[in-house]
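Residue numbers (this note's numbering), protein chains in the order written: chain Y, 38 to 199; chain X, 229 to 1003. Backbone N, C-alpha and C fix where the C-beta goes; we use that ideal spot for every residue, glycine too. Heads up, the thing below is written out as structure tokens.
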Amino acid sequence: MDAQDFHNVTLKINGREYRVEVESNWTLNDVLRNRLELTGTKRACDYGGCGSCTVLMDGVDVYSCSILAVEAQGKEILTIEGLGISDNLHPLQKSFALSYAAQCGWCTPGMIMSAKALLDHNPKPTEAEVRAALSGVLCRCTGYTSIVKAVLDAAGAMRGGT
Amino acid sequence: MSAEFLTVGKSVAPIFGIEKATGEMRFPADVNLPNMLWMKILKSPHAHAKIAAIDVSDALKMPGVAAVLTHKDVPKILFGPYQNEIYPLDEEMRFVGDTVAAVAAEDWNLAEQATRAIHVTYETLPTVLDAEAGAAPGAPDAVLHYPERHEIKPGDIRPDQLGTFGNIVGLKEGGPTVVNQRGDVARGFAESDVVVDRVFRQSEVNAVSHEPRACVAVYEDNRCTLWCSVQDPYRLQDSAARVLGLPMDAVRVVSTNLGGAFGVKVTGRFAILCALLARQTGRPVKVWFTREEESLDSHNRSALTHYVKAGAKKDGSLTALQVRTFQDNGYWPFGGLGQNIAFAISTRPVDLYHRCPNVKWEVFAVRTNYPSTGPYRGRADAESHFPIESVMDELAHRIHMDPIEFRLKNRLREGDDLCSAPGKVVSTVWVEEAARAGARAIGWDRRSVVPAATPGPRKRGIGMAMVIHSCGSNPAGTSEAEVVVDLDGRILLFSGTPDQGSEQQTTLRQMVAEIFGVALEDVHGSNADTSTCPYDSGPFSSRTVYATGIAASRAAEEAKKKVLEQAVSLLNRQVRDLDVGKHAVWIRSEPSRHLHLSDIVGSAGGSISGKGIHNGKDGHLFAYGFAATFAEVEVDVEMGEVKILRLVSSHDVGRAINPMIVEGQILGGAAQGLGYALTEGFCFDPRTGTALNQWFLDLRTPSILDIPDIEPVIVELGEPTHPFGAKGCSEISYVGVAPAVANAVYNAAGIRLTELPMTPDRVLKALQETQRSAR
């Protein structure tokens, strides 16, 4: 491995700056999971086929497996860890957790981040809009019905100010 | 069911929900340790070959490469998920993607680069790339056996048991793997008023668990710990101990939570090689599959061909059923679970239609040079119900009888003998209730008796299927559980079964909570860690709520009995005068006189625990669950597209311990079943055996835009062999979908689709054939 393949990058993730040495072909997902211990973001394929690795980059939902770590410099990255934690849940997390919309939990972080991107732009989506917005994330366990309902419930709770 | 319960029967929030929604849940792939190496596997490019020479010197010279293992470096000890039948590495490659060598390096990139620096010379061998052709006399051997090379250990299949039977799995000389026969089919067909004769073909399908399997191995002081994505942690513990030459207790396997499993996440080479590399390097080693590796090094639902002939009288009596099935069993040297699956294929539908007097069902499970096949959600029943339920629908139509009434007339009844479990009887059969409840939900009365009745190019129709599936492994399976009341009065459940998304620990803890009269959140504990939990054969065959549920309830009852006995002297009353609840024991007649559990346990001088076991020795190894699936479809006869308008999935679940989880499992299983029906198929080049669509998008699992809101119906009429009357339901919802959709397509468009998946090209082809034969 040639030395030129390494880069020192600064990544801004969940409001915190991380300096990390990466190789040119390491993805944002590699770095989050294997170098920064931010393992809440999952991976189920490696090439934008499933959406389990979805994070927000400057407010847009992107596949972290398809973004090189070097490309993510200077961007605001939000992962599931930055959205909420056990004793301070985001309404989407609460709604997924309580309604069994997270069965195995593998697609859940990606699904929730994708839903967050939707609700940031459209606080009162229709069911069809929820389905369209989440169509980039696949789930194998739930059959989707409970996920659609969880997003609509969370949207309602957020509009209600809870 | 009239009993009132505190927690059982309530849709309480699942215990792991918050960890899953925050990403805090630790899956095996999330384990990263200091100084950890990454493992990568080199895969075979040939469907059948022998490694003539292998040179790893260039790979070992690469900076950052710590170790390379080939077949020359590993113990020649057999292990495996079902029986001990594979070596950690072998010199015979049996499918494209088989494991050639394993590398450990400083990071995932380096490990992959090092696999490319391994130089292998292969001697290619003749291949079997079609199950039916592989079963024919004179076919080449898909697997060459080297039984003389391995040391026979207890539990191994002996070389003399292998026989010389070509590629057909089974221990008998020649003939099919299994034959299920009763009566005389020739006489039955002679008595028939109508006979249906068709060939059905089903594509191989991959379970597509979203978590690619991972393993992290640590080897220190002759002890090995494996955090691993397996449903069978105790089987892996046994396998790793065999290969490493360690006692069982020196191997710890942790598989608490898995990102989906569906029956396929079982003991495999990836975990054993990880352990061997950890021992060799003295450092933690991690492997985490790519999607391609997860697809190839998995077992799939077999590709199948069924030749079916069935007859009935005009009065609706089934007269004869004759089936010959070819089941692609993949590369398993000794057959994997193929024989077991073949037996269930040939018997369960025959039990469901118990009144049929004449049956002959032969199954040929055939070794091929494709990836292994094995149990995946709805094991054996998804394989067999598509042809059977399609034929039942056609027979009913031919004799002008309602398809539901035709099925119910021939169905299994309580107390009937089972050919799927000789010597046993079935305790409850709520299939009629499930069928009628489903019919009401879909509005069966709206269904046109005449097919293709809708004018125009978009034709609507309704169809149904009736299915059986086991809740509990047959012929073997054991669950143990331990319930501990700690010195502080906390109640703990220890169960060896992983949670792969079914939230079984929630359901099991609800049962324990009920027995102790506390809320769900008052029961704690851990699961699927072989160092703290008693044995469980794992969450397969929808067995957890039934089998592990019985074990956990027995453990809780025993712990409760001991607590009450301990309280006798403290409260000066007999056990029968005492009651337990809300972390206390009180005198029934004087509820104000009570003691906290911690005081009672404290007086015992240590924790109080109870153990429970379920292994079927009481005569109830499993129960049968039943379901009826109803589909309403719209077939676009110009484009060939089948659109699902409604799907009702109606289930005999005995009792729903947690209705929200039960409904969630029904919805998820039915959605996967829609994938099997309409889009999914794992395809291989029939000339080379190379997988063609191992990537995520190409496997065509349903997206959020493909699945309608599925309607679950729960029928709760109990199961007397379970303490709370529960049966499993997580797999059976898959089974009926494909035949229900096929029968709805017939009702809509007048065509019989006999191949899965029911893609638009197949719909259009069937329409053309129907038009041609009508001319």
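DSSP places X/Ala294 in no alpha helix (DSSP H) but in the uninterrupted beta strand (DSSP E) bounded by Val293 to Leu297. Contact check between the segment 544 to 561 of chain X and the segment 352 to 369 of chain X: three or more CB pairs, one atom from each, fall below 8 Å, which counts as touching. Taking X/Val711 as reference, the option from X/Leu748, X/Arg782, X/Val397 and X/Ala329 with the minimal CA-CA separation is X/Arg782. A direct Cα-Cα distance of roughly 8 Å separates X/Gly292 from X/Asp335.
Neighbourhood of X/Ser437 in chain Y, by CB distance below 7 Å: Arg177, in chain order. Secondary structure note for X/Pro940: its beta strand (DSSP E) is the uninterrupted segment Glu939 to Val943. Fully contained in the segment 665 to 735 of chain X are the following beta strand (DSSP E) runs of length 3 or more, in chain order: 686 to 699, 707 to 713 and 719 to 723. Counting C-beta atoms within 10 angstroms of its own C-beta, X/Gly496 has 16 or more neighbours from the protein chains shown and is therefore classed as buried. Y/Thr64 sits buried, since 16 or more C-beta atoms from the chains shown fall within 10 Å of its C-beta. Note on the segment 285 to 359 of chain X: whole beta strand (DSSP E) runs with a minimum of 3 residues are 293 to 297, 327 to 333 and 347 to 352, in chain order.
Taking the CA atoms as reference points, Y/Thr163 sits about 29 Å from Y/Asp124. Judged by DSSP in its simplified three-state form, X/Asp421 adopts coil rather than helix or strand. The beta carbons of X/Val943 and X/Ala662 sit closer together than 8 Å. Contact between X/Ala970 and X/Pro930 is absent: CB atoms are separated by about 17 Å, not below the 8 Å threshold. With respect to chain Y, the C-beta atom of X/Lys248 has a partner C-beta closer than 8 Å. Residue contact with chain Y for X/Leu297: absent (no Cβ-Cβ distance below 8 Å to any residue of chain Y). Against chain Y, the CB of X/Thr343 has no partner CB under 8 Å away; the residue lies outside that interface. Of all alpha-carbon atoms in X/Thr998, X/Leu933, X/Met986 and X/Asp714, the one lying nearest the alpha-carbon of Y/Gly173 is that of X/Leu933. With 16 or more other Cβ atoms from the protein chains shown falling within 10 Å of its own Cβ, X/His822 counts as buried. Contact between X/Trp455 and X/Val259 holds: their C-beta atoms lie close to 5 Å from each other, under 8 Å. Taking the beta carbon of X/Gly896 as reference, the chain Y residues within 7 Å of it are Gln140, Cys178, Thr179 and Gly180, listed in sequence order.
Put simply, the backbone Cα of X/Ser701 is about 8 Å away from that of X/Ser770. Restricting attention to X/Gly946, X/Arg519 and X/Thr982, the CA atom closest to the CA of X/Val536 is found in X/Thr982. A direct Cα-Cα distance of roughly 47 Å separates X/Gly705 from Y/Met195.
Distance from the Cα of X/Phe858 is smallest, within the candidate group X/Glu866, X/Ala968 and X/Ser835, for X/Ala968. Under the three-state reduction of DSSP output, X/Pro819 falls in the strand class. With contacts defined by Cβ atoms closer than 8 Å, X/Ser437 and X/Ala503 do not form a contacting pair. Taking 8 Å as the cut-off, the beta carbon of X/Ala442 is found closer than this to the beta carbon of X/Pro256.
With fewer than 16 other Cβ atoms inside 10 Å of its own Cβ, X/Leu798 counts as exposed. With the rule of 3 Cβ pairs closer than 8 Å, the segment 42 to 50 of chain Y counts as touching the segment 106 to 120 of chain Y. Not a single C-beta of chain Y is nearer than 8 Å to the C-beta of X/Glu959. Boundaries cannot be given for X/His582, as no beta strand (DSSP E) includes it and DSSP labels it neither H nor E. Taking a C-beta distance under 8 Å as the contact criterion, X/Leu486 and X/Glu439 qualify as a contact pair. Residues of the segment 767 to 781 of chain X whose Cβ lies closer than 9 Å to any Cβ of chain Y: none. According to the DSSP secondary-structure assignment, Y/Ile114 is paired through a beta bridge with Y/Ile50 and Y/Met94. Below the 7 Å Cβ cutoff, chain Y contributes Tyr137 as neighbours of X/Pro242, in chain order.
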